[in-house]
Amino acid sequence: MKIKAIAATTHIDKQNMRITKEALENAAKDIRESGTVPAMKIEHDSIIPPIGKIIDGWVEKREDGEYQLVVTQEVFGDFSKVTLPDGSTAFLESSEDDERPFVVEKEIQLLNGFKISVDYANFESEDDYKKFRDEIKEVGEFEEGIIGRKSLIPDPEMIIALSEFVLATTIGKKFLEKLTDTILDDTIPKAYEGIKRAVFTMAKYSIPKNRPITYVFLVSGIFNVQLVVRTTDPHKVMTAILQDNLSEVIEKAQEFHKVLDISEIQFLFSEKEEWEFNYLLTNKGEVIGSPASHSRREKKIELLNQQLTEK
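In terms of this note's numbering, the sequence shown is residues 162 to 472.
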C-alpha cells in the first residue's frame, strides 16, 4: 500500500528548530537518487522493525508561503515465513517493486575508539547535557554525535558506536582475560571505563525519568551490528556487554550475512538476560524479523491506535 504524506516543513517545530528549504530539497534528492531509502519506523522506536519504506520525495510550496517535503511511503503487505541460517523461523517483508536498500548510518572512522550520540531533547537543559558530556570525559575522550527525532520529549536513547578493535578487546569475556595480562597501553581499560561512565551518566541526566533508556551498541564494518539493551537499570547494560557468549553473537551475525547479504542486524538483550536476534535489513531492501519483533510491533500499533481513539 502506498501513501502520500508530509514528512517535514520549513515551519518552526516543537523543538524550536527550523528546517531550510534547501535541506528539504536535499532530502528529497537523496530519496530519489542516492540509491538508498529511509525506513518507515513507528515512533522512532529502535527495536521495532520497519513497517515499510519511503520510495519517493519532492518539495512543494504551501498556501502559507512555507515549504514542505512530501513523500510516498510504501507500507509492507503480507509477510512470508523464512528459515534463518541457525534454523529458527522469521518473517520476511519487502516492497512490491523497489529493491533499494535502507539507509543505515555507519561509523567507520572512530578516532577515539568510540562515539556517543544522544538526542538533546532527552536533557532538561543545555547545562545538563554539558554536565553529562564532561563527566564522561573525566575518564577519556570520545566523539560526540546527535540523534535527530521530532518527538517533543522522546524516550531516552544513546548510541555508542564502537570500533571493531574496541568491541573485540573491551566487551565480553575477552576484556576480562585481557586485564589479567600485561597491557602495553591503556587504550582498553580507558575505553571500558568510558563506556561504563557513559551508561551510568545517561541514567543520571536523561529525561523523562520514568521511561527506560535504549542503549544501542553499534559496530560498523561491511554491515552494521546493533546490540541493544532497553532498561532502567544501568547495571543490566554492563551485564549484557560482559556476557561470555557475546563473541558467538557476532559470529552469528557473520553467518547471517554470508547467506542473506545483510546491511544491518540487531540483537536485543532479553528479559531472560540472553542476546536474541531481533531483526535485520538486507541489501535488497528486505526486512526479516523474529516472531517476537513482530509481536512487539503489533502491540505498539495497537497502543498508538488506542491513544488516537482516546483523543
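All C-beta atoms, glycine included, are put in the ideal place defined by N, C-alpha and C.
On the three-state DSSP scale, how would you describe residue i?
| i | result |
| --- | --- |
| Gly439 | For clarity, residue 439 is Asn in the given sequence; the question names Gly instead. Asn439 falls in the strand class under three-state DSSP. |
| Thr400 | helix |
| Ile449 | strand |
| Ser286 | coil |
| Thr393 | coil |
| Leu337 | Note that Leu337 scores 43 on pLDDT, short of 50, meaning its location in the model is unreliable and no value can be drawn from it. |
| Lys413 | helix |
| Gly306 | strand |
| Lys460 | helix |
| Ile383 | coil |
| Glu183 | helix |
| Lys370 | coil |
| Val243 | strand |
| Ser249 | coil |
Between residue i and residue j, what straight-line distance do the alpha-carbon atoms span, to the nearest angstrom?
| i | j | result |
| --- | --- | --- |
| Leu258 | Val231 | For the record, residue 258 in the displayed sequence is Asp; it is not Leu. Straight-line Cα distance between these residues: approximately 20 Å. |
| Ile426 | Gly226 | 42 Å |
| His455 | Ile209 | 8 Å |
| Arg391 | Glu221 | 39 Å |
| Gln467 | Glu459 | 12 Å |
| Gly512 | Ser324 | Residue 512 is absent from the structure shown; the chain starts at 162 and stops at 472. |
| Glu194 | Trp219 | 12 Å |
| His172 | Lys419 | 45 Å |
| Ser256 | Glu463 | 23 Å |
| Phe378 | Glu224 | 44 Å |
| Phe428 | Thr181 | 36 Å |
Tell me, which residues are paired with residue i by DSSP?
| i | result |
| --- | --- |
| Met178 | Note: Met178 sits in no beta bridge, so no partner. |
| Ala200 | Lys214 |
| Lys165 | Thr233 |
| Leu388 | Phe378, Phe428 |
| Glu148 | No answer is possible for residue 148: it lies beyond the span of the chain, which begins at 162 and ends at 472. |
Next on the checklist: Count Cβ pairs between the stretch 232-245 and the stretch 279-294 that sit closer than 8 Å; are there 3 or more?
Outcome noted: no
Next on the checklist: Using a Cβ distance threshold of 8 Å, determine whether the stretch 298-309 contacts the stretch 401-414, with at least three qualifying pairs required.
Outcome noted: No contact exists between the stretch 298-309 and the stretch 401-414.
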